[in-house]
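Residues 194 to 650 (this note's numbering) are what the sequence shown spells out, left to right. For each residue, glycine too, the CB sits at the ideal point set by N, CA and C. First comes the structure, then the notes that go with it.
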Amino acid sequence: MAILWRAAAGVAILAAFAAGVVTMLVVVFDLRVELAGSGLRPIFSFGDREAHYDALDAHRAALPAPTRPAATAARWTDFRGPHRDGRYTETAIRTDWPGTGLERLWHHPVGGGYASFVVADGLAYTIEQRRDEEVVSAYDLETGAEHWTRAWAARFEEAMGGPGPRATPTWHDGRLYALGATGRLLCLEAGTGELVWERNILSDGNAANLPWAMSGAPLVVDDLVVVLPGGTEGWSVAAYDRHTGDVAWHVLDDVQAYASPMLVTLGGVRQVVVVTAERAVGLRPTDGLLLWEYPWEVATVPNVAQPVPVGDDRLFLSASYGKGAALIELTPDGDRFTASTVWETHRMRNRISSSVVVGGYIYGLDHAILACLDAATGELLWKGGRYGDGQLLAAGDHLVVLTEEGDVVLVRATPEGHQELAGFSAIDGKTWNVPSIAGGRLLVRNAREMAAFDLSP
Numbered sequence: 194m195a196i197l198w199r200a201a202a203g204v205a206i207l208a209a210f211a212a213g214v215v216t217m218l219v220v221v222f223d224l225r226v227e228l229a230g231s232g233l234r235p236i237f238s239f240g241d242r243e244a245h246y247d248a249l250d251a252h253r254a255a256l257p258a259p260t261r262p263a264a265t266a267a268r269w270t271d272f273r274g275p276h277r278d279g280r281y282t283e284t285a286i287r288t289d290w291p292g293t294g295l296e297r298l299w300h301h302p303v304g305g306g307y308a309s310f311v312v313a314d315g316l317a318y319t320i321e322q323r324r325d326e327e328v329v330s331a332y333d334l335e336t337g338a339e340h341w342t343r344a345w346a347a348r349f350e351e352a353m354g355g356p357g358p359r360a361t362p363t364w365h366d367g368r369l370y371a372l373g374a375t376g377r378l379l380c381l382e383a384g385t386g387e388l389v390w391e392r393n394i395l396s397d398g399n400a401a402n403l404p405w406a407m408s409g410a411p412l413v414v415d416d417l418v419v420v421l422p423g424g425t426e427g428w429s430v431a432a433y434d435r436h437t438g439d440v441a442w443h444v445l446d447d448v449q450a451y452a453s454p455m456l457v458t459l460g461g462v463r464q465v466v467v468v469t470a471e472r473a474v475g476l477r478p479t480d481g482l483l484l485w486e487y488p489w490e491v492a493t494v495p496n497v498a499q500p501v502p503v504g505d506d507r508l509f510l511s512a513s514y515g516k517g518a519a520l521i522e523l524t525p526d527g528d529r530f531t532a533s534t535v536w537e538t539h540r541m542r543n544r545i546s547s548s549v550v551v552g553g554y555i556y557g558l559d560h561a562i563l564a565c566l567d568a569a570t571g572e573l574l575w576k577g578g579r580y581g582d583g584q585l586l587a588a589g590d591h592l593v594v595l596t597e598e599g600d601v602v603l604v605r606a607t608p609e610g611h612q613e614l615a616g617f618s619a620i621d622g623k624t625w626n627v628p629s630i631a632g633g634r635l636l637v638r639n640a641r642e643m644a645a646f647d648l649s650p
């Protein structure tokens, strides 16, 4: 027993020493340690972060003054689309891609972070890290020219993902709701960036930040904006008045995960669906009343994948790290619901991406490989293609896949097999950010580059 204890102590000391060395290298020598690939292997490199910020500053200074953005009805107002389900339905998309790839409209450097774009009124909005500031930025959808920024002092950084905010902003009724990595929630005028109000959801909820930081995109429901502080004293989920920033309600004691809240109608009842580190829940939007719950706990990393509605009363859940996937069904039980399992499988394990539903079939990345499940039975119909820890969206009967390496790939959404139709290199470097589509424009970014492509037919 003493020998085992000494061995364990030795391992702990070595681990602490290694962690200290990595921390020193990160701080002193700008070592970049990133997880990448289907096995989340670490990649070590001595970075040029300051040079990147210098290039970003020079690029912005060289651009002509922005003009009024072109009038457009294009909308992609939330994380993964207006309904947060990863589906683009505005217009048809081009499916006969040239061998050289889609026409690139613009390509610019961008600050760090893992947010994606939202689009409204001719502007594309995101949040990024520029040196020691988090910055909400508004870019012209057609040219990429910067229209305005709103910055504040904040810098979250952890060794594996690097610096930068994680949560995608939300556009609603002419205002932008942005959440920084350290809990700062801002309401901004979307046309100018003028501050309307701000809070800190971690301070409000006496909550500790997550290892990967605040990641859930704010959700606007009627006159409320719902966020996920993760406070364990009744502040796991909170709602603020979207006009004033006043606290409306706060509920649950769960530690939070990395998924975003969704507004879904299930069983004929409108509800806010949240996947915490422990369970999936449905909440009444007006006051946060718990309508149902379903255990959904991952042994290591809390849930990342978005829940996906399937039909009128079912919800698809997925996670990696030994978990798998489940389809659950909600059955009315008085003024609440009972959640039960329809099927479970280990053949779809969304790690940092989320699945989509097209025509009764579920498409998603099982680790790095694209897979198709029958939504009714959970049967695996096919697996094919290797896309790393990429992201995907559905557009009509096609899938637009953004790979971890920054390639864009078009895949037919069919249960009959993996059919990759076209692809091209869009941006360079590790790409975990979810793409966006609005008005036939495909927007992609990572922690260093952003670009837009013409996806219209």
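Euclidean distance between Cα positions of Asp647 and Ile286: It is roughly 9 Å from the alpha-carbon of Asp647 to the alpha-carbon of Ile286.
Contact under 7 Å by Cβ, Ala400 with Gly423: Judged by their CB atoms, Ala400 and Gly423 are nearer to each other than the 7 Å cut-off.
Top-ranked residue by Cα proximity to Gly315, from Ala308, Gly305, Gln322 and Trp269: Nearest option by C-alpha distance: Trp269.
Which residues DSSP lists as bridging Gly616, in chain order: Answer is Val602, bridged to Gly616.
Buried/exposed call for Leu388, threshold 16 Cβ in 10 Å: Answer is exposed; the Cβ neighbour count stays below 16.
Beta-carbon proximity check, Gly622 vs Glu597, cutoff 7 Å: In this structure, Gly622 lies away from Glu597, with their beta-carbon atoms at least 7 Å apart.
Proximal residues to Pro411 (C-beta, below 6 Å), its chain only, five neighbours per side dropped: Correct list, in chain order: Thr363, Tyr370, Leu372, Val418 and Val420.
Touching by the beta-carbon criterion (3+ pairs, under 8 Å), the segment 245-256 and the segment 421-440: Result no; under three Cβ-Cβ pairs closer than 8 Å.
Limits of the unbroken alpha helix (DSSP H) element including His245: First-last of the alpha helix (DSSP H) with His245: Arg242 to Ala255.
Those runs of the alpha helix (DSSP H) which lie wholly inside the segment 345-416 and span at least 4 residues: Taking only runs of at least 4 residues, the alpha helix (DSSP H) segments lying wholly in the segment 345-416 are 394-397.
Per DSSP, cross-strand counterpart(s) of Gln464: Its beta-bridge partners are Val457.
Burial state of Gly398, where buried means 16 or more other Cβ atoms lie within 10 Å: Buried, because 16 or more other Cβ atoms sit within 10 Å of the Cβ of Gly398.
CB contact flag (Ile320, Val312, <7 Å): Not a contact, by the Cβ cut-off of 7 Å.
C-beta atoms of Gly481 and Trp442 nearer than 7 Å: Yes, Cβ-Cβ distance for Gly481 and Trp442 is below 7 Å.
Three-state class that DSSP yields for Ser533 in the structure shown: Strand.
Exposure of Asp505, with buried meaning 16 or more beta-carbon neighbours within 10 Å: By the Cβ-count criterion, Asp505 is exposed, with fewer than 16 other Cβ atoms from all chains shown falling within 10 Å of its own Cβ.
Per-residue DSSP class, three states only, for Phe509: Phe509 sits in a strand when the DSSP states are folded into three classes.
Nonlocal neighbours in the same chain, by C-beta distance under 8 Å from Trp390, ignoring five residues either side: In its chain, beyond the 5 residues on either side, Leu379, Cys380, Thr437 and Gly438 have a beta carbon closer than 8 Å to the beta carbon of Trp390.
Secondary structure, beta strand (DSSP E): runs of 3+ residues fully inside the segment 523-580: List check, beta strand (DSSP E) in window: 529-538, 549-551, 554-559, 562-567 and 573-579.
Exposure label - Gly292; buried when at least 16 CB within 10 Å: Result: exposed.
For Ser511 and Ala532, believed in contact at Cβ under 8 Å, the rounded distance: Between Ala532 and Ser511 the beta-carbon gap is near 16 Å, outside 8 Å, which marks them as no contact.
Secondary structure of Gln499, DSSP reduced to three states: In this structure, Gln499 counts as coil in the three-state DSSP scheme.
For Val494, the nearest candidate out of Leu523, Thr282, Ala406 and Gly384 (CA to CA): Nearest of Leu523, Thr282, Ala406 and Gly384 to Val494, Cα basis: Ala406.
CA nearest to the CA of Leu566, picked from Phe530, Thr265, Leu520 and His301: Proximity to Leu566 across Phe530, Thr265, Leu520 and His301 peaks at Leu520, based on C-alpha coordinates.
Expected contact under 8 Å - CB spacing of Arg359 and Tyr307 to nearest Å: Between Arg359 and Tyr307 the beta-carbon gap is near 5 Å, inside 8 Å, which marks them as a contact.
Collapsed DSSP secondary structure at Arg268 in the structure displayed: Arg268: coil per DSSP, three-state reduction.
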